[in-house]
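Asker: Let me begin by handing over the structure; questions about it come next.
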Amino acid sequence: MPPMREPSAVGVTATPGSGGNTTLTMAGTLDDSTYRQVRDSVISAALAVPTAVLVDVSALRVPADSGWTAFTSARWHVSTWPGVPVLLVCDDPAGRAAIARCGAARFVPVHPDPASAVAATGAAGHPRRRVAADLEGDRDSLPRVRKLVARWLTRWDRPQLVHTASTVASVFVENVLEHTADRPRLVLEATDDRVTVAVSDGSPDPAVRQEDSVSGAHTVSGLAIVAALSRSWGSTPAADGKTVWAVLGPENRL
Numbered sequence: 001m002p003p004m005r006e007p008s009a010v011g012v013t014a015t016p017g018s019g020g021n022t023t024l025t026m027a028g029t030l031d032d033s034t035y036r037q038v039r040d041s042v043i044s045a046a047l048a049v050p051t052a053v054l055v056d057v058s059a060l061r062v063p064a065d066s067g068w069t070a071f072t073s074a075r076w077h078v079s080t081w082p083g084v085p086v087l088l089v090c091d092d093p094a095g096r097a098a099i100a101r102c103g104a105a106r107f108v109p110v111h112p113d114p115a116s117a118v119a120a121t122g123a124a125g126h127p128r129r130r131v132a133a134d135l136e137g138d139r140d141s142l143p144r145v146r147k148l149v150a151r152w153l154t155r156w157d158r159p160q161l162v163h164t165a166s167t168v169a170s171v172f173v174e175n176v177l178e179h180t181a182d183r184p185r186l187v188l189e190a191t192d193d194r195v196t197v198a199v200s201d202g203s204p205d206p207a208v209r210q211e212d213s214v215s216g217a218h219t220v221s222g223l224a225i226v227a228a229l230s231r232s233w234g235s236t237p238a239a240d241g242k243t244v245w246a247v248l249g250p251e252n253r254l
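Position 38 of the sequence shown, counting from 1, maps to 38 under full-length UniProt numbering, and the rest follow consecutively.
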């Protein structure tokens, strides 16, 4: 029998950088057994909404070029919200060539050193207002959610979106209470003309619209209501569970 292969491992260290950036330094082997860990580490860093996420992969071994798609997948998951740029740093010309060869560099820019990556992040985008609250894992959280959303949006002079945002937040929290034993975490964010409602929990199962065997996709589920009330919505995986979010614009007011 051939000797058993040692399981692959990737170490990830996060450090704050200049201009509000976060740098993830990765070392180890990126393969099919560590792909999800690498992807979700980048997503988790982006969900904290730094100016940009810089991933130093200089010490990362990637036996198959396809492994680099972990970073394009992470970028896809955060492209709509929170929209945080993801950039790679690789000091090895062969590594940069592999990233370009597999097409990942078209979606996740790669730079030879941290300084050039930081310079490429450019000026900060629209300023964000952001607030969060940890909720209890029971139905008493539902009235609290509505009060918090009303208070925050009124403070931010967005009263026209209170009813929509409260409805969306209630759906998300109710789904957490119904399908998990977790305590939801509510995040509300405002930037330019948009408001984003996000709720995190510890379950890795993505939030999906359920279809009824008789009425199909026309079933009026909670997420169907969210889809109708929002500009866009999604379920984003993270290292410690998932975040379900919806982006609301002026056209979504009730």
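Each residue gets a CB set at the ideal place from its N, CA and C atoms; glycine is no exception.
Pull up the distance between the alpha-carbon of Ile43 and that of Leu254, whole angstroms please.
Answerer: 32 Å
Asker: With Asp40 as the anchor, note down where its alpha helix (DSSP H) starts and where it stops.
Answerer: Tyr35 to Leu47
Asker: Kindly indicate the opening and closing residues of the alpha helix (DSSP H) around Thr80.
Answerer: Neither: Thr80 is in no alpha helix (DSSP H) and is coded neither H nor E.
Asker: Can you tell me which residues form a DSSP beta bridge with Leu186?
Answerer: The partner list for Leu186 (beta bridge, DSSP) reads Ala133 and Val199.
Asker: Which two residues bound the contiguous alpha helix (DSSP H) that contains Gly222?
Answerer: Gly222 to Leu229
Asker: With three or more beta-carbon pairs closer than 8 Å as the criterion, would you say the stretch 197 to 211 touches the stretch 239 to 249?
Answerer: yes
Asker: Thinking just about the alpha-carbon of each residue, which of Thr154, Ile99, Leu60 and Val53 is nearest to the one in Thr121?
Answerer: Looking at Thr154, Ile99, Leu60 and Val53, the one whose alpha-carbon comes closest to that of Thr121 is Val53.
Asker: Can you find the residues in the same chain that come closer than 7 Å, C-beta to C-beta, to Leu148, ignoring five residues on each side of it along the sequence?
Answerer: Ala133 and Leu186
Asker: Are Val176 and Val226 close, meaning C-beta to C-beta below 8 Å?
Answerer: no
Asker: For Trp68, does the three-state DSSP call read helix, strand or coil?
Answerer: helix
Asker: Taking only the alpha-carbon atoms, compute the straight-line gap between Asp113 and Val195 and give it to the nearest angstrom.
Answerer: 35 Å
Asker: Using the Cα positions of Ala239 and Thr191, report the straight-line distance between them to the nearest angstrom.
Answerer: Each residue's CA atom was taken as its position, placing Ala239 and Thr191 some 26 Å apart.
Asker: Report the rounded CA-to-CA distance for Val162 versus Arg144, giving the unit in angstroms.
Answerer: Looking at the two C-alpha atoms, the distance is approximately 14 Å.
Asker: Just the C-alpha distance for Trp233 and Val247, rounded to the nearest angstrom, thanks.
Answerer: Cα to Cα, the separation comes out at about 6 Å.
Asker: Do Thr34 and Ser8 have their beta-carbon atoms positioned less than 8 Å apart in this structure?
Answerer: Contact flag set, yes.
Asker: Nearest to Ala228 by alpha carbon, out of Val171, His179, Thr23 and Trp81?
Answerer: Put simply, of Val171, His179, Thr23 and Trp81 the residue whose alpha carbon is nearest the alpha carbon of Ala228 is Val171.
Asker: Within this structure, are the beta carbons of Pro82 and Ala117 separated by less than 8 Å?
Answerer: In this structure, the beta-carbon distance from Pro82 to Ala117 does not fall below 8 Å.
Asker: Do Glu174 and Arg130 have their C-beta atoms closer together than 8 Å?
Answerer: no
Asker: For the candidate residues Arg183, His179, Gln37 and Gly222, whose alpha-carbon lies nearest to that of Asp205?
Answerer: His179
Asker: Need the endpoints of the alpha helix (DSSP H) that residue 339 sits in, please.
Answerer: Missing from the structure shown is residue 339; the chain here goes from 1 to 254 and no further.
Asker: Expressed to the nearest angstrom, what Euclidean distance is found between the alpha-carbon atoms of Arg39 and Asp65?
Answerer: 15 Å
Asker: I'd like the span of the alpha helix (DSSP H) that includes Gly234, first residue to last.
Answerer: Gly234 -> not in any alpha helix (DSSP H); beta strand (DSSP E) instead, spanning Ser232 to Ala238.
Asker: On a Cα-Cα basis, can you pick out the residue from Arg36, Ala27 and Ala74 that is closest to Val12?
Answerer: Cα-wise, what sits closest to Val12 is Ala27.
Asker: DSSP puts Ala246 in a beta bridge; with which residues?
Answerer: Residue pairing for Ala246: DSSP places it in a beta bridge opposite Val197 and Trp233.
Asker: Is Arg128 helix, strand or coil when you go by DSSP?
Answerer: strand
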